[in-house]
Structures are given as C-alpha cells and as structure tokens.
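Peer 1: My questions all concern the structure below.
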Amino acid sequence: MAPHEALYGRRCRTPIGWFEVGEAGLIGPDLVHHAMEKVKTIQERLKTSQSRQKSYIDVRRRGLEFEVDDWVYLKVSPMKGVMRFGKKGKLSPRYIGRYRISKRIDNVAYELELPSELAAVHPIFHLSILKKCMSDPSLIIPDEDIGITDNLSYEEIPV
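Start counting the sequence shown at 1; every next residue gets the next number (the UniProt record's numbering).
Have a look at this one:
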C-alpha cells in the first residue's frame, strides 16, 4: 500500500489516472499535452473559486488607513497566548493608551510616539493591532464649567 493511499484512503491520481480506462493510450508528447490541459483547467477553476470567496469577504472587510498625527489605541495581545504590556486577564482592557502616529513606515506599518514606560517596546506596529481613537468633542467638559480648584478638587452641587 502506498503512503498516499494509507493516508487518504484512496489511490493517488497520477497523470496516468486522469484518463478513463477505455481511452486510447496516450504516449509521449500527447500525454504531456493532455496533462498540461488538465492542469490549466484545474488552475482556472481554482482561480474562479478564489475570486468568488474573495468577493464574499470583501463585502465585510473595511480598508483601514491612518494619517500622521492621528491618535490610535494599541492592542494589548495581538495573538492568543502572547503576553504583552502586562498580564492579560478576562476583564483587563484589550487596548491601551492613546498614542499619536509620528510616521507612516509602509501601507500597513506605523510608528507611534510611546511614553517612557514603554521604552523597551519597538515603536513600529502593524495596522492590524491599531484601533482609531474616535474622540467626541461633545464629551469633553471644559475646566471652567466644573470649577476645579488649585488642589484639583471641585465642589459638588446637588441636582
């Protein structure tokens, strides 16, 4: 028993197995030409199948692009099992910080301005582990409205 047959439970289809039993035996250049036609047919079918699958996934995929001076969050653990930026727990945050993009290295790589606590981490990150920081200016409360004192406290007013 051949290793292929033992592994897959059927005989390996060699170029000789591509032809029907009753067909005339092809020898020499005819065999090679016929085998090349079969290979081209297989490649065309694979290409149509791949393009169909790509069209399905492209409907949901969104293109991500950042500009210099944009603010982004950094994913804590890009891969399962990788511990980065401290211990990853069930309720710990998935993204950290709010870092500014200082330079675009490539279409998918960006350099971030990291604080001194993350000096040991390389500052260039792939697009897949960045998330755009969407800050809503309406959520920012001006300091004058709160009335913050010099010791960084404020007086509560009952509603």
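For glycine and all other residues, C-beta sits at the position ideal for the given N, C-alpha and C.
Pairing CB atoms from the stretch 42-54 with CB atoms from the stretch 97-104, are three or more of them under 8 Å?
Peer 2: Verdict: no, contact absent.
Peer 1: Under a three-way DSSP split, which group does residue 188 fall into?
Peer 2: The first residue shown for the chain is 1 and the last is 159, placing residue 188 beyond what the model contains.
Peer 1: Any idea which residues DSSP pairs His-126 with across the strands?
Peer 2: Beta-bridge pairing links His-126 to Ala-109.
Peer 1: Which residue marks the beginning of the alpha helix (DSSP H) containing Arg-104, and which one marks its end?
Peer 2: Segment 95-104 is the beta strand (DSSP E) holding Arg-104; no alpha helix (DSSP H) there.
Peer 1: Look up Leu-31 in the DSSP assignment and say whether it is helix, strand or coil.
Peer 2: Here Leu-31 sits in helix by DSSP.
Peer 1: Within this structure, are the beta carbons of Val-72 and Cys-133 separated by less than 7 Å?
Peer 2: Yes, the Cβ-Cβ distance between Val-72 and Cys-133 is below 7 Å.
Peer 1: Starting from residue 163, trace the beta strand (DSSP E) both ways and give me its first and last residue.
Peer 2: Outside the shown range of the chain, which is 1 to 159, sits residue 163, and nothing can be said about it.
Peer 1: Excluding five sequence neighbours on each side, which residues of the same chain lie with their C-beta closer than 8 Å to the C-beta of Val-68?
Peer 2: Hits under 8 Å: Ile-101, Ser-102, Lys-103, Arg-104.
Peer 1: Smallest Cα separation from Leu-118: which of Tyr-110, Leu-74, Ser-135?
Peer 2: Leu-118 has its Cα closest to that of Leu-74, out of Tyr-110, Leu-74, Ser-135.
Peer 1: Return the CA-CA distance between Tyr-56 and Lys-38, expressed in angstroms with no decimal places.
Peer 2: Roughly 27 Å between the two C-alpha positions.
Peer 1: Nearer than 6 Å: is that true of the beta carbon of Thr-14 relative to any heavy atom of the ligand SAM?
Peer 2: As far as ligands go, the structure on display features none, and thus does not contain the ligand SAM.
Peer 1: Among Arg-62, Pro-115, Pro-158, whose alpha-carbon lies nearest the alpha-carbon of Lys-131?
Peer 2: Among Arg-62, Pro-115, Pro-158, the Cα nearest to that of Lys-131 belongs to Arg-62.
Peer 1: Go ahead and label Ala-2 buried or exposed: buried means 16 or more other beta carbons lie within 10 angstroms of its beta carbon, across all protein chains shown.
Peer 2: It is exposed - the Cβ of Ala-2 has fewer than 16 other Cβ atoms within 10 Å.
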